[in-house]
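Participant: Encoded as structure tokens, here's the structure I'll be asking about.
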Amino acid sequence: MPKEYVIADFGCGEGRLADSVKQKVHSLDLVAVNDKIIACDMAHTPLLTNGINAVVFCLSLMGTNLVDYILEANRVLKMDGILKIAEISSRFDDVNEFINLLMSYGFKNTWTDIDHKYFYFMDFKKVKNVDAKSKKLPPISLKPCMYKRDNYKILNVNKQIKELNELIE
Ligand SMILES: C[S@@+](CC[C@H](N)C(=O)[O-])C[C@H]1O[C@@H](n2cnc3c(N)ncnc32)[C@H](O)[C@@H]1O
Numbered sequence: 001m002p003k004e005y006v007i008a009d010f011g012c013g014e015g016r017l018a019d020s021v022k023q024k025v026h027s028l029d030l031v032a033v034n035d036k037i038i039a040c041d042m043a044h045t046p047l048l049t050n051g052i053n054a055v056v057f058c059l060s061l062m063g064t065n066l067v068d069y070i071l072e073a074n075r076v077l078k079m080d081g082i083l084k085i086a087e088i089s090s091r092f093d094d095v096n097e098f099i100n101l102l103m104s105y106g107f108k109n110t111w112t113d114i115d116h117k118y119f120y121f122m123d124f125k126k127v128k129n130v131d132a133k134s135k136k137l138p139p140i141s142l143k144p145c146m147y148k149r150d151n152y153k154i155l156n157v158n159k160q161i162k163e164l165n166e167l168i169e
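So in UniProt numbering, spot 163 of the sequence shown is number 163, and the numbers just go up one at a time.
This is the structure:
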């Protein structure tokens, strides 16, 4: 990813993505654990419209209003901007249906890695401006995250950062 790109890390946790890539990263989370993080609901961020090259949701599509997060990602992304999602595989009833639904929200799937047992990774390109007033937006939902002992074993931040870096480079 070009170093001039501007990234928004939606639900950034401790904001470690920002420390591990050369691009400018806006780190956003409900809870700001340090002063580099912007405390906000990612359904309504303070980011400007059409100003971001890549939005990242890494294990952060929590809550029942996923649609609001996806619409906010669409608002802040430039046209052709990249949406990256990394999520726990067990949260998807049908990952292909999820991928197809995102088309209604203006995102065309460009890459997937859904062969892992625990995690799915997917990239999309913004191809259309879509907002809450757009017609026929289908609901999107994921199953609640049921943390199992195996999830804990592998869900360490360094591994996630390493995988994200590989995806971004
Ligand atoms: C499992 S953690 C993942 C953190 C980080 N992305 C990572 O990979 O290490 C999920 C994060 O999403 C944040 N989050 C959940 N819902 C949010 C919302 N509506 N707005 C902002 N952050 C949210 C939580 O506060 C939490 O820090």
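Ideal Cβ placement from N, Cα and C applies to all residues, glycine included.
1. Helix, strand or coil for residue 87? Go by DSSP, reduced to three states.
2. Using only the alpha-carbon positions, how far apart do residue 41 and residue 5 sit?
3. Would you say the beta carbon of residue 19 comes nearer than 8 angstroms to a heavy atom of ligand 1?
4. From residue 55 to residue 136, what does the alpha carbon distance come to, in whole angstroms?
5. Just the C-alpha distance for residue 83 and residue 36, rounded to the nearest angstrom, thanks.
6. Between residue 20 and residue 7, what straight-line distance do the alpha-carbon atoms span, to the nearest angstrom?
7. Write down the C-beta distance between residue 52 and residue 76 rounded to the nearest angstrom, noting that I regard them as a contact closer than 8 angstroms.
8. Tell me the rounded alpha-carbon separation between residue 121 and residue 3.
Facilitator: Concretely, from the data shown:
1. The answer is strand: DSSP assigns residue 87 an E or B state.
2. The C-alpha of residue 41 lies about 23 angstroms from the C-alpha of residue 5.
3. no
4. 24 angstroms
5. 22 angstroms
6. Going from the Cα of residue 20 to the Cα of residue 7 covers about 12 angstroms.
7. 5 angstroms
8. About 22 angstroms.
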